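Novice: Once you've had a glance at the structure underneath, I'll fire off some questions.
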Amino acid sequence: MNITINSEQQMAAFGMALGRLLRAGDIVGMTGDLGAGKTTLSKAIARGMGIEDHITSPTFTIVNEYEGTLPLYHFDVYRISDEEEMYDIGYEEYFFSKAACLVEWANLIPNLMPVESLWLELHLGTQHAEERIVKITCEAHWQERVDQLLRELNL
């Protein structure tokens, strides 16, 4: 399903609402256009999880760790040249833990992303500068929470 986000404030509301719904073991894969708002969305998700730390994109460190209502592991795999690098950093300990994981540029590690991940594909809109189109793809076990998210945001 596709939703349209018309402002940075709507993106923040979307992210915060999603952050409140995340559970231990959840993995959210984000893909899409450069500059479409993956890091902005990550920051809002973290705020929704009660994380007050300054959230930065872990482009050079690959993963940042935060504590909120549950631990959050925020990955940016843009600079990963080979999935083997993810094994080198021990990604399994992060992905299969009691934390939630956000993975920016998850399309670069498709064989490592669990089937039950929630996928958010962000694209620049065509109507105005702040418009973003978010394509949500998920397995059945996510559907109830995605429906709740959309109801909460009147989308």
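Add 277 to the 1-based position in the sequence shown for our numbering, that's all there is to it. In this text, a Cβ means the ideal position worked out from N, Cα and C, and glycines have one as well. Please read all numbers here as calculations on a predicted model, not as lab measurements.
(1) Quick one: is residue 380 buried, meaning 16 or more other Cβ sit within 10 Å of its Cβ, or exposed?
(2) At which residues does the alpha helix (DSSP H) containing residue 369 begin and terminate?
(3) Alpha carbon to alpha carbon, what distance is there between residue 344 and residue 284?
(4) What residue ranges within the stretch 334–420 form continuous alpha helix (DSSP H) runs of no fewer than 4 residues, ordered along the chain?
(5) How close, in whole Å, do the beta carbons of residue 401 and residue 415 come, if the pair is a contact with beta carbons under 8 Å?
(6) Taking the alpha-carbon positions, what's the residue 332 to residue 392 distance?
(7) State the start and end residues of the unbroken alpha helix (DSSP H) segment that holds residue 322.
(8) Secondary structure at residue 288, three-state DSSP: helix, strand or coil?
(9) Could you say which of 296, 308 and 367 lies nearest to residue 382 if we only look at CA atoms?
(10) Can you determine whether any heavy atom of the ligand ADP sits closer than 7 Å to the C-beta of residue 322, and answer yes or no?
Specialist: With the structure as the only source:
(1) buried
(2) 368–372
(3) 28 Å
(4) 361–365 and 368–372
(5) At roughly 22 Å, the Cβ-Cβ gap does not stay under 8 Å, so residue 401 and residue 415 are not in contact.
(6) 27 Å
(7) 315–325
(8) helix
(9) 308
(10) Absence of the ligand ADP from the depicted structure is noted, as is the absence of any ligand whatsoever, leaving it without description.
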